[in-house]
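To start, the structure itself, in structure tokens.
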Amino acid sequence: MSHEQPQRPGEDQQELNKYGVVFSTVLNKLPQRVFQGVSDGESRSDCEKGPAATPSAYKELSPITLGVALQATVLTAGQKAVDQSDAAAIQAAEVRATGQTNIMPGGLAATAQSAAQFNAKPTTREKTTLADVLSEAAAKLPKDRPVTRQDAEGVMGAELRNNPNISTYPGGVAASVVAAARINQSNEQLSK
20 MSHEQPQRPG
30 EDQQELNKYG
40 VVFSTVLNKL
50 PQRVFQGVSD
60 GESRSDCEKG
70 PAATPSAYKE
80 LSPITLGVAL
90 QATVLTAGQK
100 AVDQSDAAAI
110 QAAEVRATGQ
120 TNIMPGGLAA
130 TAQSAAQFNA
140 KPTTREKTTL
150 ADVLSEAAAK
160 LPKDRPVTRQ
170 DAEGVMGAEL
180 RNNPNISTYP
190 GGVAASVVAA
200 ARINQSNEQL
210 SK
């Protein structure tokens with residue numbers, strides 16, 4: 020059963036447009052090697068097999084991946100100090116992108132968890148931010164795949180469960196993944 024909040028007419032489209040600009044910006048900043056082979060569903064470890072795609076071709080051919088959605092968070096909430104809810108959401112996204120159920124040492128989830136623990140100390144003055152953890156996120160994931168509605172629900176659930184206020188951060192990890200899933204779903208419906 021869905022418990023979506025009612026929205027004003029056009030509000031969903033405004034959100035898609037806003038995040039469309041954010042994702043376009045992220046895609047244009049990604050290094051060329053990230054685009055190799057990804058447009059036809061290959062993992063980046065198999066890039067040598069296919070021709071390199073340009074960033075514009077990637078946007079036209081492929082849906083937004085979990086790595087790109089995580090990286091887009093830098094533009095929408097990059098200065099936010101990483102907390103436990105962010106770390107849980109990043110872990111959920113990494114698990115879904117890679118298919119690995121364990122946390123990879125030195126991966127995004129491990130880095131986010133360390134940052135959340137560091138930031139929770141009352142003596143910590145300089146906090147580790149989402150930008151510190153998620154910059155270059157798309158290139159740091161060993162595997163990546165397009166964001167689905169189920170991914171968005173999983174990431175949002177992880178963020179909600181680990182927030183004492185039972186809420187998500189506007190423009191944060193869950194919001195970026197949800198927006199990517201909506202854009203992917205819209206693009207899929209348009210292509211039919």
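Each residue of the sequence shown is one higher than the one before, starting from 20 at the first, in my numbering.
Where is the CB? At the ideal position from N, CA and C, for every residue including glycine.
Just so it is clear, the structure is predicted and the values come from calculations on it, not from any experiment.
Which parts of the stretch 84-148 are runs of the alpha helix (DSSP H), unbroken and 4 residues or longer, counting only runs that do not cross its ends?
85-96, 103-117 and 127-139
My understanding is that ALA91 touches VAL41, with C-beta atoms under 8 Å, so please give their C-beta distance in whole angstroms.
The Cβ separation is near 5 Å, so the contact holds.
Enumerate in chain order the residues of its own chain whose CB-to-CB distance from LEU89 is below 6 Å, with the five nearest sequence positions on each side excluded.
In its chain, beyond the 5 residues on either side, ALA112, LEU153 and ALA156 have a beta carbon closer than 6 Å to the beta carbon of LEU89.
Closest Cα partner of ALA150 within the set PRO183, ARG201 and THR130:
If we check each option's Cα against that of ALA150, THR130 comes out closest.
Going by alpha carbons, who is nearest to PRO124 out of ALA139, GLN103, ASN138 and LYS159?
Taking only the C-alpha atoms, the option nearest PRO124 is LYS159.
Distance, Cα to Cα, LYS146 vs LEU209?
If I take the Cα positions, the gap works out to 42 Å.
Three or more C-beta pairs under 8 Å: does that hold for the stretch 165-180 against the stretch 188-200?
yes
Within 10 Å of its beta-carbon, does ARG279 have 16 or more other beta-carbons around it, so buried, or fewer, so exposed?
A question about residue 279 goes unanswered here, because the residues of the chain that appear run from 20 up to 211.
Which residues in the same chain have their Cβ closer than 7 Å to the Cβ of GLN103, if we skip the five residues on either side of it in sequence?
Around GLN103: ALA135 and ASN181.
Considering only their Cβ atoms, is the gap separating ALA177 from ALA107 smaller than 7 Å?
yes
Per-residue burial, PRO183 [other beta carbons within 10 Å of its own, 16 or more giving buried]:
exposed
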